[in-house]
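K.L.:
Got a structure for you, questions after.
Numbering (our numbering), first residue to last: 8 to 794.
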């Protein structure tokens, strides 16, 4: 492929080719801005995680109650569900305050950070990062249960199906899948319609004709049922608390809308509050309806986890006729669709949250970088690896995942509530006392629920979160301490800058293993450094090879002396360190530079034809004070092509070039169109500027540089359109400080030219027409999810 800068050929690496083949063409920053969602679309696209919990929440209550409370479990199901609905109402009311106060992405993490500082916010970050991982596992596993409930023959392959679904979702997100729009909303609305129809038909049948009732005590494969008086003997307080903890999983995802207020149309806070209220009402209705139908039909969970309780309810309500079978299949299909869609929610939320935390320097900076398709690829891959590992560890069991599921969610609820409490106490806006009471009550209740989870489910798996949670917070703090230490040292250099060391001598050593083109290039580069001493060094691992190298050195008549250093233990990195340390000790005020030749080959062969020894030696040398290592690459392939243009290797290279051109076709034109946009009719081309005359041009900012001269700092900006580029200089106090690369500017001023230099302007007036960075911050639909 070639670039617009002089038609320079830039070969693609193997990784670049693979990315283009499997992920598609790379996107440019201008493609980052996303659409704003209408309320109906937002309700469907942002609710699957919360609404889909109806498929497993009531069932989890019965799984805990039946072995201890017997058939009384179906009596206890309704009051426990009622308590959960009360918590839902309070939490939803709390988040109605959040979306009005915080209209940018971030959710409870941003609320906690803004009110308590970044360190305390790491409690919310750790909780939500854990929750995202478990959410992927639970939603995908529950979606598979919906599938195998309708097609039992697939039951033995449940784990493989679940892992496959997670990998497919990962791949789709790496390609830039956006969790916004009707494709995701359809799954939610289909589920709501089918479960709503199930509830209405079921209630009507129960009122007028009565629904069939299962006999849990005599169903093969069902969860064991306690045979005694459950209410008196089996339903202890701990059992009820465990059942409540299981049912609390029904509230996961309630906070999703608060994390993505920025994707709503204006007024964002008001629209988000309306959608949040609608979602809570729908979730409450479905949860109450499914719990009631389970209560009257005695639908029973199975040890194998399929058929699901919701599947049995649907079968009972619709019967086994033709229409009943069709409706049953639609219920299961919509259930699987929304559960898998709910799993995808985390693939937007986890990378976005990780990027926020990394920006605050509590996670590695790599998580802030956007990948090939403008998504946080590192975060997506990390989430996939963790969730797949979790699924394999529990063999894809929803029941095993539930105990560790909702602790993170309710911790996020707590942090949001406490953060909003602090916000109300600080801002004291009209009606703040009522809002404070709502948020504080939700925070305290959520904290109590977290305690119930930790105690009641400790032996069933919650201990894992109880242990990992503080360790993750400690790890985040430890990473932040490293970043803060680096920043402190840099700040010391800025405010108390030490004098630059004046070295009396400069030595350059070229480490060589053989005499080839790369070595010759490194020697030539070393001579250009004008060092006091230039020496080639070979560490002898094989005496015969060393003798052969010295003979070739003499045959070529090289004027650079070759020094052979014995390396009997073949530890090249240690030998290099010892050699450089001795060279430094001979003259303490000596600066040492080590040059490491590296041959580069065709992308598909390069990794096979040379190892990474140079990198290891460079790292070892860099540990020595006043010593630096430089790897000097040399493109062997281009020289081979020049010398042997008709060889078999050349023909292979030509085919590789064709492959590169195919996978990257159209990219340069798109980048050129971005960097040099077409001008509107109201302005002239950059190439049409005339020195000494005023004019208005419009172009993309390609470069920004602060240049110091005569004791003052000038800002120089390079702007281009499809006809060429020009340089703009802003003197101190004359603007330009807000100009950043990527912006589209309209500039008006007098053009000037000195000699043969390009046209330029000094201190023109300007207007920012388009700012991709701000557009991305305010509307990137790719970061939809709960944070």
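Heads up, the beta-carbon is just placed ideally off N, CA and C, and yes, glycines get one too.
If you draw a straight line from the alpha carbon of residue 390 to that of residue 140, how long is it in whole angstroms?
P.N.:
The straight-line gap from Cα to Cα measures roughly 6 Å.
K.L.:
With burial defined as no fewer than 16 other Cβ atoms inside 10 Å of the residue's Cβ, what is the status of residue 385: buried or exposed?
P.N.:
buried
K.L.:
Rounded to whole angstroms, what is the Cα-Cα separation between residue 697 and residue 718?
P.N.:
Each residue's Cα considered, the two are about 31 Å apart.
K.L.:
Among all the DSSP beta bridges, which residues are the ones paired with residue 701?
P.N.:
Looking at the DSSP assignment, residue 701 forms a beta bridge with 757.
K.L.:
Does DSSP classify residue 767 as helix, strand or coil?
P.N.:
strand
K.L.:
Can you tell me which of 758, 558, 474 and 722 puts its alpha carbon nearest to the alpha carbon of residue 748?
P.N.:
The closest CA to that of residue 748, considering only 758, 558, 474 and 722, is found on 722.
K.L.:
Going straight from the alpha carbon of residue 314 to that of residue 166, what length do you get?
P.N.:
16 Å
K.L.:
With 16 other CB atoms within 10 Å as the buried threshold, where does residue 164 fall?
P.N.:
exposed
K.L.:
Using a threshold of 8 Å, state whether the C-beta atoms of residue 487 and residue 369 are closer than that.
P.N.:
yes
K.L.:
Can you list, in chain order, the residues of its chain with a C-beta nearer than 6 Å to that of residue 61? Leave out the 5 residues immediately preceding and following it.
P.N.:
293, 294 and 297
K.L.:
In the DSSP assignment, find the unbroken alpha helix (DSSP H) run with residue 302 in it and report its ends.
P.N.:
Element bounds for residue 302: 275–304.
K.L.:
What would DSSP say about residue 605, mapped onto helix, strand or coil?
P.N.:
strand
K.L.:
Quick one: what does DSSP say residue 81 is sitting in, helix, strand or coil?
P.N.:
In this structure, residue 81 counts as helix in the three-state DSSP scheme.
K.L.:
In this structure, how does DSSP classify residue 124 when only helix, strand and coil are distinguished?
P.N.:
Correct three-state label for residue 124: coil.
K.L.:
Please confirm whether any heavy atom of the ligand GDP lies closer than 7 Å to the CB of residue 577.
P.N.:
Of the ligands one can find in the structure shown there are none, so the ligand GDP has no counterpart to examine.
K.L.:
Starting from residue 584, trace the alpha helix (DSSP H) in both directions and tell me its first and last residue.
P.N.:
579–593
K.L.:
Less than 6 Å between C-beta atoms, sequence neighbours within five positions excluded: which residues of the same chain meet that for residue 224?
P.N.:
232
K.L.:
Could you work out which residue in 364, 538 and 311 is closest to residue 134 when comparing CA atoms only?
P.N.:
364
K.L.:
Measure the CB-CB distance between residue 358 and residue 399 and report whether it falls below 8 Å.
P.N.:
Not a contact, by the Cβ cut-off of 8 Å.
K.L.:
Using the Cα positions of residue 599 and residue 736, report the straight-line distance between them to the nearest angstrom.
P.N.:
For residue 599 and residue 736, the distance between alpha carbons rounds to 40 Å.
K.L.:
Tell me which same chain residues have a C-beta within less than 6 Å of the C-beta of residue 751, skipping the five on either side of it?
P.N.:
707, 776 and 777
K.L.:
Anyone know if the C-beta pair for residue 58 and residue 336 falls short of 8 Å?
P.N.:
no
K.L.:
Inspect the beta-carbon positions of residue 2 and residue 734 and report whether they are closer than 8 Å.
P.N.:
Outside the shown range of the chain (8 to 794) lies residue 2, about which nothing can therefore be said.
K.L.:
Determine whether the beta carbon atoms of residue 276 and residue 270 lie at a separation below 8 Å.
P.N.:
no
K.L.:
Out of curiosity, what's the CA-to-CA distance linking residue 477 and residue 255?
P.N.:
22 Å
K.L.:
Take residue 755 as the anchor and find which of 774, 746 and 744 has the nearest alpha-carbon.
P.N.:
774
K.L.:
Taking the alpha carbon of residue 152 as the point to measure from, which residue in 131, 136, 78 and 404 has its own alpha carbon closest?
P.N.:
404
K.L.:
Could you have a look at residue 384 and say whether DSSP puts it in helix, strand or coil?
P.N.:
helix
K.L.:
Between which two residues does the beta strand (DSSP E) holding residue 721 run?
P.N.:
719–728
K.L.:
Count the other CB atoms, across all protein chains shown, that sit within 10 Å of the CB of residue 75; report buried if there are 16 or more and exposed otherwise.
P.N.:
buried
K.L.:
On a Cα-Cα basis, can you pick out the residue from 623, 406, 521 and 631 that is closest to residue 638?
P.N.:
623
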